[in-house]
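Numbering (the working numbering), first residue to last: 172 to 427. The structure under discussion appears below in the form of structure tokens.
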Ligand SMILES: NC(=O)c1ccc[n+]([C@@H]2O[C@H](COP(=O)([O-])OP(=O)(O)OC[C@H]3O[C@@H](n4cnc5c(N)ncnc54)[C@H](O)[C@@H]3O)[C@@H](O)[C@H]2O)c1
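This is the structure in structure tokens:
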């Protein structure tokens, strides 16, 4: 079922081989758009694109590499003729207490999750400008809205993505380029598999809605922001988290 109308739109989605990126690629294709999925996971990325048919292609692309970014965008134009949207979705996560996080690891997470987004925006903007505008959606996190324990590098990078999105929004509005951030809560993907949460109601009592999200629920919000239906939205931070960042649950306060 198409969430929104994306007909005619060409979108690049980083980290699209699996998880939220793959679900977003599916939403774009269902909406009538075409998509270049990029990732460092070649086999999985190629398979995901093949499953979506001719409207989707895959290219190996490491978001930390400026040369890879240029190649990905050149490939998009060569294949689809234009660029309308960019979803900066690729990311890595880790869990360590701040005191135990290594400097090397902190740097690695920031490099992928934040520097990668910066290079992507910087490389895509001339192309979006040339096409008369577009939509950039940066995937931050609930960890970019609150102080989530065990996420020193990850949380810092996601707060950075949220801030960078605001800067992009104010600087690029004159070019008709909208920049928004999406903040998923706990969602079932390969990234969160090690946490061991099972699908189903009541599986995440920490969120007011009591459950984790599924990738399609995040993808729907991203697809909306890519579409012309979100034409007056820029600089927004869209939490898609079952209420996790809205406040504590009633159970937490009452001890029930
Ligand atoms: N799953 C969640 O609960 C959750 C919550 C909040 C935010 N997020 C964010 O959503 C995004 C997608 O996460 P996911 O849950 O689908 O995880 P995932 O691990 O399933 O997908 C992330 C993808 O990014 C790719 N990737 C990693 N490093 C890369 C690099 N250097 N260059 C290109 N691709 C690279 C991975 O190969 C992987 O396919 C991430 O930015 C993540 O931080 C996820």
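Glycine included, each C-beta is placed from N, C-alpha and C at the ideal position.
Taking 8 angstroms as the cut-off, the Cβ atoms of residue 416 and residue 389 do not count as close. Under the DSSP assignment, residue 275 falls in the alpha helix (DSSP H) whose first and last residues are 274–281. C-alpha of residue 323 to C-alpha of residue 338: approximately 23 angstroms in a straight line.
Taking 8 angstroms as the cut-off, the beta carbon of residue 228 is found no closer than this to the beta carbon of residue 238. Assigned with DSSP and collapsed to three states, residue 338 falls in helix. Where residue 296 is concerned, the enclosing alpha helix (DSSP H) starts and stops at 287–301. Per DSSP, the continuous beta strand (DSSP E) segment holding residue 205 begins and ends at 205–210. At least one heavy atom of ligand 1 lies less than 7 angstroms from the C-beta of residue 362. For residue 228, the beta-bridge partners assigned by DSSP are 207. Beta-bridge annotation (DSSP): residue 348 is paired with 305. In the three-state reduction of the DSSP assignment, residue 284 falls in the helix class. Under the Cβ criterion (8 angstroms, minimum of three pairs), the segment 174–194 counts as touching the segment 388–403. Contact between the segment 307–316 and the segment 327–334 is present, with at least three C-beta pairs closer than 8 angstroms. With respect to residue 209, residue 230 sits close: the two C-beta atoms are nearer than 8 angstroms.
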